[in-house]
Amino acid sequence: MGHDTLTAVYFRHVFFAERTFDRIAVKVPSQTAMDMRRHSLLLRQQANGFLLLFDTDVCDRQELLREKLTLTFDLNMEDPLFYNYTDFSQVDIRKSFLLFGNSQPHTAGTLHHEALVSGADVYHLKPTDRFFIKPFGRIVLELTPDLETGYEIRFASRAIRWRYFLMSENLTSLSEPAIIDATGKVQFGPPVPVDLPGKTGLYMFTSDIPLELTLKNKYTFQLVDNSKVVISALPTPDISRISTAVTGNSELFSEIFLY
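Take the sequence shown: its letter number 170 is residue 159 in my numbering, and every next letter is one higher.
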């Protein structure tokens, strides 16, 4: 038997840039599995998505699409830190999931409303909805003649203000410390004295604008003292360290500790 691609779905994330975003697992519900067997369809998993294949010995593509079959695929998130570096509004994760599909209004080449996944793609559970395990997301594909040969689901990276803390005695004793951007595009405020649990007499620098989180560092920040470079390339945030500490308000910050 010969198989050809009916359509494909790929997951992308700005945080990973050109790297493969392989944190989503695709599951096939029992009803969809039955429908796929009945129409000789195969699901070929990819690291960052899947291919939906049809048997060219059974029917051609247009003949199959005239059947107007609906297939559902559930998505499981395998990265516990996903929401730390991803930007979209999902207020109550326990009572909602992301819903993607080609029959709803969607940006060309994607399965979501806007260019990137947004709050418009959040489905809020109804009292009649029943799940043994609620999925992270769901894809509903309508196999109609206008089905595209490929779709993407694109996630935005969170932008958040960065905070650098001078932790060691060598750094806290600097006379005129400052954090600068070699490109001049980003400014950090002056050092602010701050106490942390178990550690007092520290200094903190905060970026004046939110900065996009990326796996690969695209910023060139330096710690200087009296215009002399102390640390030539400051580290980027650990995505597990996002906090409202110090300020006590609801604004989140990425925290980086320098020793």
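Virtual Cβ for every residue (Gly too), placed ideally from N, Cα, C.
Do residue j and residue i have their beta-carbon atoms positioned less than 8 Å apart in this structure?
| i | j | result |
| --- | --- | --- |
| I149 | L241 | yes |
| F4 | N37 | no |
| H95 | H102 | yes |
| L212 | I168 | yes |
| E137 | T59 | no |
| G98 | Y140 | yes |
| R147 | Y208 | no |
| G178 | F194 | yes |
| L163 | V218 | no |
| T45 | D(-7) | yes |
Looking at C-alpha atoms only, which residue of the options is the closest neighbour of residue i?
| i | options | result |
| --- | --- | --- |
| D227 | S221, L247, Q211 | L247 |
| G(-9) | V17, T9, R12, L30 | L30 |
| L70 | S19, I13, F43 | I13 |
| V183 | R152, P199, N215 | R152 |
| H28 | K207, T209, S92, K57 | K57 |
| L204 | P116, R83, D110, P224 | P224 |
| F121 | D11, V106, P18, F10 | P18 |
| K188 | S157, P180, P199 | S157 |
| G126 | D110, D118, D214, P116 | D110 |
| Q79 | N215, P199, Q20, V106 | V106 |
| Y72 | T117, L53, A(-3), H2 | H2 |
Considering only residues of the same chain and omitting the five flanking positions on each side of residue i, which have a CB-CB separation below 7 Å?
| i | result |
| --- | --- |
| V15 | Q34, F39, F62, L64 |
| P124 | D63, L64, N65, F86 |
| L155 | T161, P166, L191, Y192, L247 |
| D135 | none |
| R55 | P134 |
What whole-angstrom Cβ distance do residue i and residue j have, given they're in contact under 8 Å?
| i | j | result |
| --- | --- | --- |
| F89 | A145 | So it is not a contact: roughly 15 Å between Cβ atoms. |
| M23 | L32 | Actually they do not touch by this definition, with Cβ atoms about 13 Å apart. |
| L(-5) | F43 | 5 Å |
I'd like the list of long-range same chain contacts for residue i, defined as Cβ closer than 6 Å, with 5 residues on each side in sequence excluded.
| i | result |
| --- | --- |
| D197 | Q176 |
For residue i, which residues in the same chain have their Cβ closer than 8 Å to its Cβ, ignoring the five residues on either side in sequence?
| i | result |
| --- | --- |
| A104 | T96, R143 |
Indicate whether at least one CB of chain D lies closer than 8 Å to the CB of residue i.
| i | result |
| --- | --- |
| T9 | Absence of chain D from the displayed structure is noted, only one protein chain being present. |
Can you list, in chain order, the stretches of the alpha helix (DSSP H) that have 4 or more residues and sit fully within the segment 89 to 174?
158 to 161
Which runs of the alpha helix (DSSP H) spanning at least 4 residues fall entirely within the segment -4 to 61, listed in chain order?
19 to 27, 50 to 54
Extract the residue ranges of the beta strand (DSSP E) inside the segment 188 to 241, only unbroken runs of 3 or more that lie entirely within it.
188 to 195, 210 to 214, 217 to 220
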